Amino acid sequence: MTTSPPSPRGIQSIEVGGALLRALAHQGQALALKDLAREAGMPAAKAHPYLVSFIKLGLVAQHEDGLYGLGPLALQLGLISLQQYDPVRLATPRIEALAAELGHTVAIVVWGNRGPTVVRVAHAPTPLHISMRHGTVMSLADTASGRLFAAHLPETLWRETLRAEGLAPAALRSAVAALRQRRDDALAWGLAQTLDEAVPGVSALAAAVLDQRGQLALSLTAVGPSSAFDATLQGPLAAALRRDALALTQQLGYQPQWQALPPA
Numbered sequence: 001m002t003t004s005p006p007s008p009r010g011i012q013s014i015e016v017g018g019a020l021l022r023a024l025a026h027q028g029q030a031l032a033l034k035d036l037a038r039e040a041g042m043p044a045a046k047a048h049p050y051l052v053s054f055i056k057l058g059l060v061a062q063h064e065d066g067l068y069g070l071g072p073l074a075l076q077l078g079l080i081s082l083q084q085y086d087p088v089r090l091a092t093p094r095i096e097a098l099a100a101e102l103g104h105t106v107a108i109v110v111w112g113n114r115g116p117t118v119v120r121v122a123h124a125p126t127p128l129h130i131s132m133r134h135g136t137v138m139s140l141a142d143t144a145s146g147r148l149f150a151a152h153l154p155e156t157l158w159r160e161t162l163r164a165e166g167l168a169p170a171a172l173r174s175a176v177a178a179l180r181q182r183r184d185d186a187l188a189w190g191l192a193q194t195l196d197e198a199v200p201g202v203s204a205l206a207a208a209v210l211d212q213r214g215q216l217a218l219s220l221t222a223v224g225p226s227s228a229f230d231a232t233l234q235g236p237l238a239a240a241l242r243r244d245a246l247a248l249t250q251q252l253g254y255q256p257q258w259q260a261l262p263p264a
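According to full-length UniProt numbering, the residues represented by the sequence shown are 1 to 264, in order.
If you want it as structure tokens, here you go:
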């Protein structure tokens, strides 16, 4: 019989006080003492001494109106953390796990000088998968990744790329508009799909990963044979992609408001 090793011993008071910092980070705005204490799950009288210490350290600041927000040291730590995060590096182990979980090829797609470009590929450990190569430039009009980037980027950035495909911008505007109309659907926003379009018999789903500014950093794109690929926006495959895309987005320092789509 084996037993798991004991958890490292921590300092309970730091963990308790950390709940106040987590609450401030989660809310994304300054809060009154009673509201902050409630979010952290403790009485205001208990929260106040922690806040006094955090203010001395610069982790918390009290504004002129009495509200508490994150302080200068917290902001500096956040900026340093963001500088250490490379979106592609962070996403690479996730696509390996996703490919194994979903049974389909999963790729990381970024915006390159010729359009949406595959930079990492993880193939499922099954004989039934779609082959993709690093460096492949995805069609803007006919792929889920391309449509996702077009929906997030100003038309001035993708117009020439689309013309290089032999298409006028009008050919993509309806697909972009459809993606933007999902802004009120928290389950569907952030996802793009294609069904038997770029290649007959092949379908795809792409999920948006946003950077700290709320701009599209990369797409997590799953591709598979249409006969075995659930491309519905509310299906389990879409849910898994959104789960990992959201986790990466938050890791990159952005708390998405799925209703607010970047302007065209």
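We put the beta carbon where it would ideally sit given N, CA and C, even for glycine. Source: prediction; values computed, not measured.
query: Whose C-beta lies closer than 8 Å to the C-beta of T117 among residues of the same chain, with five residues either side of it excluded?
result: Closer than 8 Å at the Cβ level, and outside the excluded window around T117, lie V109, V110, W111, G135, T136, V137 and M138.
- prompt: When we look at the beta-carbon of T126 and count the other beta-carbons within 10 Å, is it buried (16 or more) or exposed?
  reply: Result: exposed.
- request: Flag this pair as yes or no: are the beta carbons of L220 and L248 separated by less than 9 Å?
  value: Cβ distance < 9 Å, so L220 and L248 count as in contact.
message: What would DSSP say about V199, mapped onto helix, strand or coil?
response: Correct three-state label for V199: coil.
message: Distance check for A61 and Q76, CA to CA, integer angstroms please.
response: Rounded to whole angstroms, Q76 to A61 spans 13 Å at the Cα level.
task: Give every residue of the same chain whose Cβ lies closer than 6 Å to the Cβ of D211, excluding the five residues on either side of it in the sequence, and list them in chain order.
output: By the criterion of a C-beta distance shorter than 6 Å, D211 is surrounded in its chain by A217 and L252, once the five residues flanking it on both sides are discounted.
message: According to DSSP, is D184 part of a helix, a strand, or is it coil?
response: Confidence at D184 is low in this model, with a pLDDT of 48, below 50, so its placement is unreliable and no value can be given for it.
- prompt: Roughly how many angstroms separate the alpha carbons of A99 and V223, rounded to a whole number?
  reply: One Cα belongs to A99, the other to V223, and the distance between them is close to 10 Å.
- prompt: In its own chain, which residues sit with a C-beta less than 8 Å from the C-beta of R133, not counting the 5 before and 5 after it?
  reply: Closer than 8 Å at Cβ, skipping near neighbours: V118 and V121.
- request: Pull up the distance between the alpha-carbon of I14 and that of A23, whole angstroms please.
  value: Spanning the alpha carbons of I14 and A23 requires a straight line of approximately 14 Å.
field: Closest residue to A206 among L195, R213 and Q255 (Cα-Cα distance)
entry: The residue from L195, R213 and Q255 with its alpha-carbon nearest to that of A206 is L195.
For A178, three-class secondary structure by DSSP: In the structure shown, A178 falls within a helical segment according to DSSP collapsed to helix, strand and coil.
- prompt: In terms of residue numbering, what span does the beta strand (DSSP E) encompassing I108 cover?
  reply: Run containing I108: T105 to G112, per the beta strand (DSSP E) assignment.
task: Give the DSSP-derived three-state secondary structure of A61 in the structure shown.
output: Strand, per DSSP.
- request: Grab me the residues of S226's own chain with a C-beta within less than 8 Å of its C-beta, minus the 5 sequence neighbours each way, in chain order.
  value: These residues qualify, in order along the chain: L195, D196, G201, V202 and S203.
query: Taking L67 as the reference, which of P93, L233 and L31 has the closest Cα?
result: Minimum Cα-Cα distance from L67 among the listed residues P93, L233 and L31 corresponds to L31.
- prompt: Which parts of the stretch 200-246 are runs of the beta strand (DSSP E), unbroken and 3 residues or longer, counting only runs that do not cross its ends?
  reply: Counting whole runs of 3 or more residues, the stretch 200-246 contains the beta strand (DSSP E) stretches 202-210 and 216-225.
- prompt: If A40 and A19 are in contact, beta carbons under 8 Å, what's the gap, nearest whole angstrom?
  reply: Their Cβ separation, rounded to whole angstroms, is 4 Å, which keeps A40 and A19 in contact under 8 Å.
query: On the three-state DSSP scale, how would you describe Y72?
result: For the sequence presented, residue 72 should be read as Pro rather than Tyr. For P72, the three-state secondary structure derived from DSSP is helix.
message: Bridge partners for R120 per DSSP, in chain order?
response: Listed as beta-bridge partners of R120 by DSSP are I108.
query: CB-CB under 7 Å to G190, same chain, minus the five flanking residues each way: which ones, in chain order?
result: Exclusion of the five residues before and after G190 leaves A207, A208, R242, A245 and W258 as the residues of its chain whose Cβ lies within less than 7 Å of its Cβ.
task: Measure the C-alpha to C-alpha separation of L233 and P256 and round it to an integer number of angstroms.
output: Distance between the alpha carbons of L233 and P256: 18 Å.
message: Does Q251 come out as helix, strand or coil in the three-state DSSP assignment?
response: In the structure shown, Q251 sits in a helix (DSSP, three-state: H, G or I).
- request: Work out the CA separation of A170 and Q27 for me, nearest whole Å.
  value: Spanning the two alpha carbons is a distance of roughly 40 Å.
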